[in-house]
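Asks: Residue numbering for the sequence shown is -24 to -1, 1 to 211, as defined by mature numbering (1 follows the signal peptide of the UniProt record, and there is no 0).
Starting off with a structure, shown below.
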Amino acid sequence: MAVSKLFLALFLVFMVLTLEEANGAATGKTKKLIDMANRRGPYLGLIIPNLFEMNPLLHHPSYKPTNLTIDYAGRRFRFGYIDNQPVVLVMTGLAMLNAGITTQLLLALFKIKGVVHYGIAGNANPSLHIGDVAIPQYWAHTALWNWQRYGDGPQNELPLEVNGDYTRDIGYLKISEYSVNVTNCNSHNNLLNNVWYQPEEVFPVFGTPEERQHIFWVPVDPRYFAIAEKLKIEN
């Protein structure tokens, strides 16, 4: 009986500790560091995909680090100054999901006056060259698709299109148009058929909760873009 009670007590302690670990709220020393950081804010947040792209900034003479770093939820928030402007740097990891989660953590934890994403990228513009700095006025997530079943075409309604979930307004890729070595085929169709580009579903901060809006071309902050247009690159 005593052994059973001891086992039950240990089990309850384990459950309590597990529940505390599952709680996403910052506590203890981390909470104190966050509060201290916010007393020095607001900051410009710099969102960076990986260390390969972060290290040049960390070693650049214009970046002046402070002795404050905060580790939270697998991220490290580094605080410092660039041209006397307080900044907080954080590495996201690759892909849209990591970028979204990290940006939301940054905004939820700290006093942020603006966010800048930067990193290396490819391009299809022949006028751009390696080392050029490009600042887009709009960006789009072009990997959000509706994959149309084989046999259907542009004239066929997509599943759930009538409910507003999907659309044919943006355009599509016909996979068979990119096939090669098909000279001996009777048909140039491809079972992968068509993929239709889809807009993002967004829920604006000042909108009605759970009332979605759709957007494909996402504008960057107009004030920051106007500043970027005036920048001059120094060698």
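For every residue, glycine included, the Cβ atom is placed at its ideal position computed from N, Cα and C.
Because the structure is a prediction, the values reported are computed rather than measured.
Taking all protein chains shown into account, decide if methionine 72 is buried (16 or more other Cβ within 10 angstroms of its Cβ) or exposed.
Replies: For the purposes of this step, residue 72 is taken as the residue at position 96 of the sequence shown. Exposed is the call here.
Asks: How is the alpha helix (DSSP H) around threonine 79 delimited, first residue to last?
Replies: Stepping through the sequence shown from its first residue, residue 79 is reached at position 103. Start and end: 72 to 85.
Asks: In this structure, what does DSSP give as the bridge partners for histidine 190?
Replies: Numbered from 1 along the sequence shown, position 214 holds the residue referred to as residue 190. DSSP, once it has assigned bridges, lists Glu177 as partnering histidine 190.
Asks: Answer yes or no: do isoleucine 203 and proline 175 have a C-beta to C-beta separation smaller than 8 Å?
Replies: For this step, residue 203 is matched to residue 227 along the sequence shown. For this step, residue 175 is matched to residue 199 along the sequence shown. No, Cβ-Cβ distance for isoleucine 203 and proline 175 is not below 8 Å.
Asks: Is it the case that the Cβ atoms of proline 25 and glycine 76 are separated by a distance below 8 Å?
Replies: One-based indexing of the sequence shown puts residue 25 at position 49. One-based indexing of the sequence shown puts residue 76 at position 100. Result no, Cβ atoms of proline 25 and glycine 76 do not sit closer than 8 Å.
Asks: Ignore the nearest five residues each way along the sequence and tell me which others in histidine 117's own chain have a CB closer than 7 Å to its CB.
Replies: What you label residue 117 is simply residue 141 of the sequence shown in a count that begins at 1. These residues qualify, in order along the chain: Met72 and Glu176.
Asks: Ends of the alpha helix (DSSP H) at glycine 4?
Replies: To locate residue 4, count along the sequence shown from 1; it is residue 28. Run containing glycine 4: 4 to 15, per the alpha helix (DSSP H) assignment.
Asks: Which whole runs of the beta strand (DSSP E) in the region 32 to 59 are 3 residues long or more, in chain order?
Replies: As far as the region 32 to 59 is concerned, its whole beta strand (DSSP E) runs of at least 3 residues are 39 to 48 and 51 to 58.
Asks: Check whether the Cβ atoms of threonine 79 and arginine 51 lie closer than 8 Å to each other.
Replies: Counted from its first residue, the sequence shown places residue 79 at position 103. Counted from its first residue, the sequence shown places residue 51 at position 75. No; because the gap between Cβ atoms is not below 8 Å, this pair is not in contact.
Asks: Where does leucine 149 fall in DSSP's three states?
Replies: As a first step, residue 149 must be located in the sequence shown, where it is residue number 173. The answer is strand: DSSP assigns leucine 149 an E or B state.
Asks: Using beta-carbon positions only, say whether glycine 4 and phenylalanine 86 come within less than 8 Å of one another.
Replies: Working through the sequence shown from its first residue, we reach residue 4 at position 28. Working through the sequence shown from its first residue, we reach residue 86 at position 110. Not closer than 8 Å, so no.
Asks: Isoleucine 23: buried (16+ other C-beta within 10 angstroms of its C-beta) or exposed?
Replies: The count along the sequence shown starts at 1 and reaches residue 23 at position 47. Per the 10 Å Cβ criterion, buried.
Asks: Helix, strand or coil for leucine 27, going by three-state DSSP, please let me know.
Replies: The residue you call residue 27 lines up with position 51 of the sequence shown. Residue state, collapsed to three classes: helix.
Asks: Does asparagine 139 come out as helix, strand or coil in the three-state DSSP assignment?
Replies: Taking the sequence shown and counting its residues from 1, one reaches residue 139 at position 163. Helix at asparagine 139.
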